[in-house]
Amino acid sequence: MAGAAMSVWAAGMESLEAFVKNVKSGRAEFTQTVTAPAKEGQPARAKVSTGTFEFQRPGQFKFDYKKPFAQTIVADGKTLWLYDADLNQVTQRAQAQALGSTPAALIAAAPDLRALQADFTLESAPERDGLQWVKATPKTKDGQLQGIQVGFQGDALAALEIQDSFGQRSVLKFSKVEVNPALGAGAFAFKAPAGADVLKQ
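Counting with the numbering used here, you get residues 43 to 243 for the letters of the sequence shown.
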């Protein structure tokens, strides 16, 4: 029995390796649930948002939040852009500094598994919810991330769980996943909307 359990545990790493190697671009819809730590005497509060996600290796991706607030996060290979429609504000920062040990690096930025292992300690985790899991612990201890778990259904990306150092937990569930779609040349080009404030960080 122990042998069978080990092979299931190894499945998470195999799924991640196959995903990084074989999936060069992708498109999906997502639902994100962010749960803040419970305050004394109060239940934990959860916020749910939905949107679409696209990526192309190495280092290009776009999270387009539709509900409840419109927000766009785009990495074009050099710059990471964050656009908040309500504030009509764009934050711009150098992608190389912003990405290393982020969840996006796990999914979209890294060209191969070795690049991921430079920033994360990776290990398979027990199967749950019918998914194979990989636990990724950032090697830099000064970041805001405590740990990330990536869930796969076979080789397909299915879920992402993020725990930050403030005790906040984010769970992204992916659906309608397309593997290696042809994304247009301008898919990750970002142009600040007219009148938006642009802050460089």
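Using N, Cα and C, we set each Cβ at its ideal position, and we do this for glycine too. Computed from a predicted structure; not experimentally measured.
Return the bridge partner residues of Phe97 from the DSSP annotation. Position 55 of the sequence shown holds residue 97. DSSP, once it has assigned bridges, lists Gly68 and Phe103 as partnering Phe97.
Under the assumption that Val213 contacts Ala201 (Cβ atoms under 8 Å), give the Cβ distance between them as a whole number of angstroms. Working through the sequence shown from its first residue, we reach residue 213 at position 171. Working through the sequence shown from its first residue, we reach residue 201 at position 159. That pair is a contact at about 7 Å.
Bounding residues of the beta strand (DSSP E) (the contiguous stretch that carries Leu155): As a working note, residue 155 is residue 113 in the sequence shown. Premise fails: Leu155 lies in the alpha helix (DSSP H), Leu155 to Asp161, not in any beta strand (DSSP E).
Indicate whether Phe232 and Asp118 have their beta-carbon atoms separated by less than 8 Å. Locating residue 232 in the sequence shown gives position 190, where the first residue counts as 1. Locating residue 118 in the sequence shown gives position 76, where the first residue counts as 1. The answer is yes: Cβ separation under 8 Å.
Arg170: buried (16+ other C-beta within 10 angstroms of its C-beta) or exposed? Here residue 170 refers to the residue found at position 128 when the sequence shown is read from its first residue. For Arg170, the number of other beta carbons within 10 angstroms of its own is below 16, and it is reported as exposed.
Return yes when the Cβ of Thr92 is within less than 8 Å of the Cβ of Lys66, no when it is not. Indexing the sequence shown from 1 puts residue 66 at position 24. Indexing the sequence shown from 1 puts residue 92 at position 50. No; because the gap between Cβ atoms is not below 8 Å, this pair is not in contact.
Between the Cα of Ala238 and those of Ala88, Phe72 and Gln134, spot the shortest distance and give me the residue it belongs to. Along the sequence shown, one-based indexing puts residue 238 at 196. When each option's Cα is compared against that of Ala238, the closest is Gln134.
For Phe230, count neighbouring Cβ atoms within 10 angstroms of its own Cβ and tell me buried if that reaches 16, exposed if not. Translated into positions along the sequence shown, residue 230 becomes position 188. Phe230 counts as buried, since at least 16 other C-beta atoms from the protein chains shown sit within 10 angstroms of its C-beta.
Helix, strand or coil: which one does DSSP assign to Gln210? Numbered from its first residue, the sequence shown carries residue 210 at position 168. Coil, per DSSP.
Give every residue of the same chain whose Cβ lies closer than 8 Å to the Cβ of Leu187, excluding the five residues on either side of it in the sequence, and list them in chain order. Walking along the sequence shown from the start, residue 187 turns up at place 145. For Leu187, where only same-chain residues beyond five positions count, the Cβ hits under 8 Å are Ser143, Thr144, Pro145, Pro180, Ile204, Gln205, Asp206 and Ser207.
Among Ala136, Lys89 and Asp128, nearest to Ala112 - alpha-carbon criterion: Within the sequence shown, the letter at position 70 stands for residue 112. Answer by Cα proximity: Asp128.
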